[in-house]
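Residue 1 is where the sequence shown starts when you use UniProt numbering, and the numbers rise one by one after that.
Accompanying notes for the structure given below.
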Amino acid sequence: MKLDRTDRKILDAMQSNGRISNLELAELVNLSPTPCSRRVKRLEESGLIERHVSLLNQSMLGLKLTAYIGISMDRHTPDRFEAFEQEVASYPEVMACSVVTGQSSDYLLKAVVPDMEYYEKFLLGKLTRIPGVTGVHSSFELRRVVLRTELPLQHINEHTEFKS
């Protein structure tokens, strides 16, 4: 699948405002509504647009603590990693989990919780009880400087091809 300049404009606009109407979007990217709608449908079907979400205000919801957690595992085997990944995926507190390199940790998690008391229960009652976890290193967000949900699309041009 190839994207043109109009597709990129559509993606930019939809990343900034997922609730934009087709009429507004069409006007913004200089298309009539029907072709604009077809392009959006094609982008969704290709998988480039994965889903539409609403971003909630974390602080207003009482989720005041963000923790970045390095997890070390005892064995680097597929079954051990798979079991860990399935378990942490079931925890609603875990906002992101990545296998990392260049650190003493095997995984880096981002967790959001109400406070330190809740975090302690989460850490001791859930994370450290997962089989294979041998080390946990926590860092806490003091102040968020940048938070983006929009991906940078400047590298996309008419010659960029994407695989579904």
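Ideal Cβ positions, reconstructed from N, Cα and C, are used throughout, including at glycine.
What you are looking at is a predicted structure, and each value in this text was computed from that prediction instead of being measured.
For this session: For my contact list, Ser72 and Thr128 are in at a C-beta cut-off of 8 Å; report their separation, rounded to the angstrom.
Result: So it is not a contact: roughly 11 Å between Cβ atoms.
Exercise. Leaving out the 5 sequence neighbours to the left and right, which residues in its chain are closer than 6 Å to Lys9 when beta-carbon positions are compared?
Worked result: Val29
Problem set entry | Nearest neighbour of Ser139, chosen from Pro131, Asn157 and Met116 [CA to CA] | Among Pro131, Asn157 and Met116, the Cα nearest to that of Ser139 is on Met116.
Exercise. Just reading off the beta strand (DSSP E) that Ser139 is part of, what are its end residues?
Worked result: Val133 to Phe140
Exercise. Counting along the chain, where does the beta strand (DSSP E) carrying Met95 start and finish?
Worked result: Val94 to Val99
For this session: Give me whichever residues DSSP pairs with Glu161 in a beta bridge.
Result: Lys2
Exercise. Mind checking whether Ser105 and His137 have CB atoms under 8 Å apart?
Worked result: Judged by their CB atoms, Ser105 and His137 are nearer to each other than the 8 Å cut-off.
For this session: Would you list, in sequence order, the uninterrupted beta strand (DSSP E) runs of no fewer than 3 residues that lie entirely inside the stretch 30-115?
Result: Counting whole runs of 3 or more residues, the stretch 30-115 contains the beta strand (DSSP E) stretches 65-73, 94-99 and 107-113.
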